[in-house]
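Worksheet: the structure to be examined is printed underneath.
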Amino acid sequence: RQNGDNRHTGNSREQALASIAEAWDRIPRGALTTGYRIQIVSGRYAENEAPLYWEGRHGSYQYPVIINAADGAGTVVLPIVNVYDCAYFYVMNLTIEAGGGDALHFEKCGHILVKNCVVMGIGDIENFEGPQEALKINQCQYVYIEGNNISGGWDNAVDFVAVQYGHIVDNEIHRAREWCCYLKGGSAYFRVEVNEFYDGGTGGFSAGQGTGFEFMVSPWLHYEAYDIKFFNNIIHDTDGAGMGVNGGYNILLAHNTLYRVGQISHAVEVVFGLRACDGNRDQCEKNLSVGGWGTAEPGAEEPIPNRNVFIYNNLIFNPPGYASTWSHFAVYGPRIPSAQSNIPSPAKADVNLDIRGNLIWNGAPALPLGVEESDRGCRPGNPTCNAEQLQRDNTINVTQPALINPELGDFHPQGGSYVFTAATYLIPDFPGNDRPLRPQTPEGNLVNQINRDFDGVQRSVSSPPGAFTTSMPVKIDSGPAIIMPFEFSLMQNHPNPFNPNTTIEFSLPRPEHVSLTVYSILGQEVENLIDGKLSMGIHRVNWNAIGQTAGVYYYTLQTGGYRQVRKAVFLK
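Residue numbers (the numbering used here): 344 to 915.
Okay, here's the thing in structure tokens:
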């Protein structure tokens, strides 16, 4: 950096340029015929050393534009980054800090990757200091957010408006006065998986919320969110709901672990989104004319309903001394939209709402479900969601779950605990063929199968509720250090004989790809309990043999260079 000179070629460290802005200016505007990589050397950069707006560069799959920290993650700190009208634009290994605006902002871009970055708002968000959002993305498509730490917005940490196609995977998203993360304004076709959301005010994650009609993009002009699959996430320490749906279509919330959520309200919400016209009346009227749902009247708000919200096999655990104030759930009753809104009347938040297989420990036994009052949803006549069904198909305040050490960030269930025997349900696919016809959106992915857990361990039909299927390596009392075994070892299952649950324990001296498989006495595969990479330490996994015939079974531990077999006896 010290030797940079804008007369240099920029092709090597020895020929480094003096500023990031100069490097950016050397990338031609418009469609590119070669790829470009800006390698930023270590240091903290001022606003006058970087572009005010990164705009108008259109890479391709073959020729992307890559902005990277040359010396690795954590070595480069940039000020606010605003990206407009760019394609195949990849941001990697950077730290971006801002005290106002939005720390990292994309608008009208396509094929965006943000990977291994720290995006941080600086300031007291409770006093509206710092950026409004840490990561803000508007009217973009094909957006991939991977392995980042994103925090600090006096509104939200992550805010997507009218964004279609992509995923949010393996991130820490936290420190927000409102929501940690929401996807709204016609956002669609996202997989949100293996993230940790925490320290949110209004809540953790929401599919949908409220949007100005003029900011939405056709044909996604009806629901706030479409085809969002939110699974294998950890949500903890949110004042409001841990997760929710506010005007969503085909939304899956499944196999998440929630801890200390909803103290000021409820743990999970299924409510209306809101639609307003924030000033551009002509665009709002245009969206109405093609069949969109909303209003063109300034100051008016319309209720956006839900359809096909599936909430399956989550673990919701509020420990003693922490409980939701009002209820377990919030499900709103019908509302009447205006005649000009195009919204079917009455608007309902609970059409084909399906809540099953959730293990909930939250407050006193008398804490309301949240559907008892006459103005709420899930009334007795609702065939998929009503008070009797919620009590029957979920395990609510029956037995307190046992987690390894949630106070130190280990949310795995304790081996042999009740979590492993709680009832779960096979998640059905979405029905399809029930989208609004005008304008009609792409169908999306109707399949709701979840094959692996937070750790990458393969799921089975007997997987417990929550984000994890197994217990983590044992940790010593003094802190997070893992007890390291000296050799590979597969222990005898216990109890043995068993009916129908047993625990299988094994140890690894180093991280390994592991397969743990159960076979019948005839050598036929019965169930693959684990198929993925695990850390060193002692691991425990529960096998539920319900549905199997009584008799002798063999379970096999296989790694790259180790194989061991033991016998288990299932009695009925």
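All C-beta atoms, glycine included, are put in the ideal place defined by N, C-alpha and C. Predicted, not measured: the structure shown is a model, and the values here were computed from it.
Compare the Cα-Cα distances from residue 384 to each of 363, 398, 594 and 395 and report the closest residue. 363
Compare the Cα-Cα distances from residue 533 to each of 506, 521, 554 and 514 and report the closest residue. 506
Is the segment 776 to 787 close to the segment 742 to 752, with three or more CB pairs under 8 Å? no
For residue 692 and residue 649, believed in contact at Cβ under 8 Å, the rounded distance: 5 Å
Pick from 416, 415, 729 and 378 that is closest to residue 405, judged by C-alpha positions: 378
Can you tell me whether residue 684 is buried or exposed, with buried defined as 16 or more other CB within 10 angstroms of its CB? buried
Would you give the residue range spanned by the beta strand (DSSP E) that residue 850 belongs to? 844 to 851
From the DSSP output, in three-state form, read off residue 577 for me. strand
Going by beta-carbon coordinates alone, are residue 389 and residue 422 separated by less than 9 Å? yes
Here's the rule: buried if 16 or more other CB atoms are within 10 angstroms of the residue's CB, otherwise exposed. What is residue 399? exposed
Give the C-beta separation of residue 701 and residue 657 to the nearest angstrom, bearing in mind that I take them to be a contact with Cβ-Cβ under 8 Å. 5 Å
Report yes or no: do three or more beta-carbon pairs, one from the segment 566 to 575 and one from the segment 665 to 678, lie closer than 8 Å? no
Touch check for the segment 629 to 644 and the segment 733 to 747: three-plus C-beta pairs under 8 Å? no
Let's test the definition: count the other Cβ atoms within 10 Å of the Cβ of residue 822 and tell me whether it reaches 16, buried, or not, exposed. For residue 822, the predicted model reports a pLDDT of 36, less than 50, meaning its position is unreliable; a value from the coordinates is still stated below. By the neighbour-count rule (16 or more Cβ atoms within 10 Å), residue 822 is not buried but exposed.
Please specify which runs of the beta strand (DSSP E), each continuous and at least 3 residues long, are wholly inside the segment 712 to 753, giving them in chain order. 746 to 748
Rounded straight-line distance, which links the Cα of residue 348 to that of residue 360: 5 Å
Going by C-alpha distance, which of 554, 483, 494 and 410 is nearest residue 440? 494
C-beta atoms of residue 811 and residue 756 nearer than 9 Å: yes
Please state whether the Cβ-Cβ distance between residue 456 and residue 433 is less than 9 Å. yes
Among 485, 861 and 503, the one whose alpha carbon lies nearest that of residue 475: 503
With a threshold of 16 other CB atoms inside 10 Å of the CB of residue 876, please say whether the residue is buried or exposed. exposed
Going by DSSP, what residue range makes up the beta strand (DSSP E) through residue 594? 591 to 597
Cutoff 8 Å; reference residue 896; Cβ partners in own chain excluding five residues on either side: 861, 862, 863, 864, 869, 888, 910, 911, 912 and 913
Buried or exposed for residue 670, please, with buried defined as at least 16 other CB atoms from any protein chain shown within 10 angstroms of its CB. buried
Cβ distance (whole Å) where residue 556 is taken to contact residue 597 below 8 Å: Contact flag wrong, Cβ pair sits at about 31 Å.
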